[in-house]
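Report on one structure; see the data block that follows.
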Amino acid sequence: SKVLELEKKVEEPELCGNIEELQGFLSDAVKGWDKIFEIIERDGQFRIKRKEKAINAQLEKMGTMILLSNKRLEGKEVLRLYKRKDVVEKFFDNMKHDIERKRLRIHTQETFEGRLFLDFLALIIYSKISSEIRKEGINKDFTVQEIMYEFKKIKLIRLGMKKMIVTEVSKKQRELFQSFKIPLPTRP
Numbered sequence: 001s002k003v004l005e006l007e008k009k010v011e012e013p014e015l016c017g018n019i020e021e022l023q024g025f026l027s028d029a030v031k032g033w034d035k036i037f038e039i040i041e042r043d044g045q046f047r048i049k050r051k052e053k054a055i056n057a058q059l060e061k062m063g064t065m066i067l068l069s070n071k072r073l074e075g076k077e078v079l080r081l082y083k084r085k086d087v088v089e090k091f092f093d094n095m096k097h098d099i100e101r102k103r104l105r106i107h108t109q110e111t112f113e114g115r116l117f118l119d120f121l122a123l124i125i126y127s128k129i130s131s132e133i134r135k136e137g138i139n140k141d142f143t144v145q146e147i148m149y150e151f152k153k154i155k156l157i158r159l160g161m162k163k164m165i166v167t168e169v170s171k172k173q174r175e176l177f178q179s180f181k182i183p184l185p186t187r188p
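Going by the UniProt record's numbering, the letters in the sequence shown line up with residues 1 to 188, in that order.
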């Protein structure tokens with residue numbers, strides 16, 4: 001197992017003699033290593049010791065999931081699609097709760113349908129951004145939520161009956177538009 005491999009690796013002289021080297025190795029090898037191991041010193045050598053209770057607690061949380069499909073897909077693709085479905089379900093759940101919170105402001109069926117339509121468009125945009133990030137490898141520094149938040153800051157303001165202006169586009173927003181190959185918003 002990976003735990004046994006790690007325990008064997010940290011016994012190598014270059015690691016067990018230097019605590020900084022050992023911590024660096026563990027950080028690179030295992031995310032959250034400090035939750036399942038502790039570093040102990042014995043006879044001037046550094047070793048790792050398992051945190052049995054923490055490991056058992058993590059093992060109790062593990063489980064098995066079976067996904068069946070009528071299509072022939074690789075395991076990674078099935079998992080990606082499942083996660084994407086989960087994102088959509090969470091989006092609709094949040095949207096439903098948002099509508100329930102704002103229920104008092106919705107006086108007609110037409111207003112409700114309009115809000116639902118706008119939320120559906122937002123979901124399409126969210127899905128497209130997520131797809132582009134994955135496909136093109138762009139904007140790995142931002143989550144989809146952070147990108148949506150940046151785009152939400154851009155507003156179209158109506159001044160009087162005829163004049164409309166777009167709020168100023170920040171440098172970060174400009175970079176996002178460029179990376180998605182979307183022209184900058186201008187006044188209509």
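Cβ coordinates follow ideal geometry from the N, Cα and C atoms, glycine included.
Cα separation between Ile-66 and Leu-59?
Numbered from 1 along the sequence shown, position 66 holds the residue referred to as residue 66. Numbered from 1 along the sequence shown, position 59 holds the residue referred to as residue 59. Going by the C-alpha atoms only, they are around 18 Å apart.
Given this structure, state the Cα-to-Cα distance separating Glu-52 from Lys-61, to the nearest angstrom.
On the sequence shown, residue 52 is found 52 positions in, with the first residue counted as 1. On the sequence shown, residue 61 is found 61 positions in, with the first residue counted as 1. So the alpha carbons of these two residues sit roughly 14 Å apart.
Answer yes or no: does any C-beta atom of chain C fall closer than 9 Å to that of Gly-24?
Going by chain labels, chain C is absent from the structure shown, which holds only one protein chain.
From which residue to which residue does the beta strand (DSSP E) around Arg-47 run?
As a working note, residue 47 is residue 47 in the sequence shown. 45 to 50 is the extent of the beta strand (DSSP E) around Arg-47.
Would you kindly work out how many angstroms separate the C-alpha atoms of Asp-43 and Glu-12, rounded to a whole number?
Locating residue 43 in the sequence shown gives position 43, where the first residue counts as 1. Locating residue 12 in the sequence shown gives position 12, where the first residue counts as 1. When rounded, the distance between both Cα atoms is 15 Å.
Distance, Cα to Cα, Gln-45 vs Asp-141?
Taking the first residue of the sequence shown as position 1, residue 45 is located at position 45. Taking the first residue of the sequence shown as position 1, residue 141 is located at position 141. The straight-line gap from Cα to Cα measures roughly 39 Å.
Sorted by chain position, which residues of the same chain lie with C-beta nearer than 6 Å to Lys-35's C-beta, five sequence neighbours on each side aside?
Along the sequence shown, one-based indexing puts residue 35 at 35. Excluding positions up to five away in sequence, the list reads Ala-54.
Do Arg-84 and Ser-127 have their C-beta atoms within less than 9 Å of each other?
On the sequence shown, position 84 is the one that residue 84 refers to. On the sequence shown, position 127 is the one that residue 127 refers to. In contact: Arg-84 and Ser-127 (Cβ atoms closer than 9 Å).
Presumed contact (8 Å Cβ cut-off) between Ile-147 and Ile-165, rounded CB distance
Counting from one through the sequence shown, the residue named residue 147 turns up at place 147. Counting from one through the sequence shown, the residue named residue 165 turns up at place 165. The Cβ separation is near 23 Å, so there is no contact.
Over the uninterrupted beta strand (DSSP E) stretch that includes Lys-163, give me the two end residues.
The sequence position of residue 163 within the sequence shown is 163, counting from 1. Run containing Lys-163: 163 to 166, per the beta strand (DSSP E) assignment.
Going by DSSP in three states, Ile-157 sits in which element: helix, strand or coil?
Residue numbering aside, residue 157 sits at position 157 when the sequence shown is read from its first letter. Note: Ile-157 maps to strand in three-state DSSP.
Candidates Ile-124, Ser-170 and Gln-109: which alpha carbon is nearest Phe-91's?
Residue 91 sits at position 91 when you count from the first residue of the sequence shown. The residue with the shortest Cα to Cα distance from Phe-91 is Ile-124.
Around the Cβ of Leu-15, are there at least 16 other Cβ atoms within 10 angstroms (buried) or fewer (exposed)?
Counting from 1 along the sequence shown, the entry for residue 15 is found at position 15. Classification for Leu-15: buried.
For the candidate residues Trp-33, Val-88 and Glu-41, whose alpha-carbon lies nearest to that of Ile-19?
Indexing the sequence shown from 1 puts residue 19 at position 19. It is Glu-41.
Bridge partners of Glu-41, per DSSP?
Residue 41 sits at position 41 when you count from the first residue of the sequence shown. In the DSSP output, where bridge partners are listed per residue, Glu-41 has Phe-46.
How big is the Cα-Cα spacing for Arg-80 and Gln-109?
Here residue 80 refers to the residue found at position 80 of the sequence shown. Here residue 109 refers to the residue found at position 109 of the sequence shown. Those two C-alpha atoms are separated by around 36 Å.
Range of the contiguous alpha helix (DSSP H) that encloses Lys-181:
Indexing the sequence shown from 1 puts residue 181 at position 181. Taken as a continuous stretch (DSSP letters only), Lys-181 belongs to no alpha helix (DSSP H), as it is neither H nor E.
Could you give the uninterrupted runs of the alpha helix (DSSP H) lying entirely in the segment 55 to 119, keeping only those of 4 residues or more?
Unbroken alpha helix (DSSP H) runs of no fewer than 4 residues, entirely contained in the segment 55 to 119, are found at 75 to 101, following chain order.
If I follow the unbroken alpha helix (DSSP H) through Ser-27, where does it start and stop?
Locating residue 27 in the sequence shown gives position 27, where the first residue counts as 1. Its alpha helix (DSSP H) spans residues 19 to 29.
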